[in-house]
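Enquirer:
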Amino acid sequence: MVAHIVLESALMVFGITIAGYFIGKLFKEAERED
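Numbering (the UniProt record's numbering), first residue to last: 1 to 34.
(1) Look at the alpha carbon of residue 25 and the alpha carbon of residue 14, and state the distance between them as a whole number of angstroms.
(2) Under a three-way DSSP split, which group does residue 12 fall into?
(3) Residues in the same chain with beta-carbon distance under 7 Å from residue 12, minus the five sequence neighbours each way, listed in chain order, please.
(4) Using the Cα positions of residue 31 and residue 16, report the straight-line distance between them to the nearest angstrom.
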């Protein structure tokens with residue numbers, strides 16, 4: 001049970017990191033187009 005909670009929180013952190021990476025890339029692309 002505890003391992004399940006740890007796994008879920010780790011996946012959440014991983015997902016947020018990936019999302020932030022892609023959002024940062026999108027903002028850089030938008031800035032370059034101006």
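Note that CB positions come from ideal geometry on N, CA and C, so glycine has one too.
Expert: So, from the data block:
(1) Using only the alpha carbons, I get a separation of about 17 Å.
(2) Looking at residue 12 - three-state DSSP - the assignment turns out to be helix.
(3) Taken in chain order, the list of residues that qualify is empty.
(4) A direct Cα-to-Cα measurement between residue 31 and residue 16 gives close to 22 Å.
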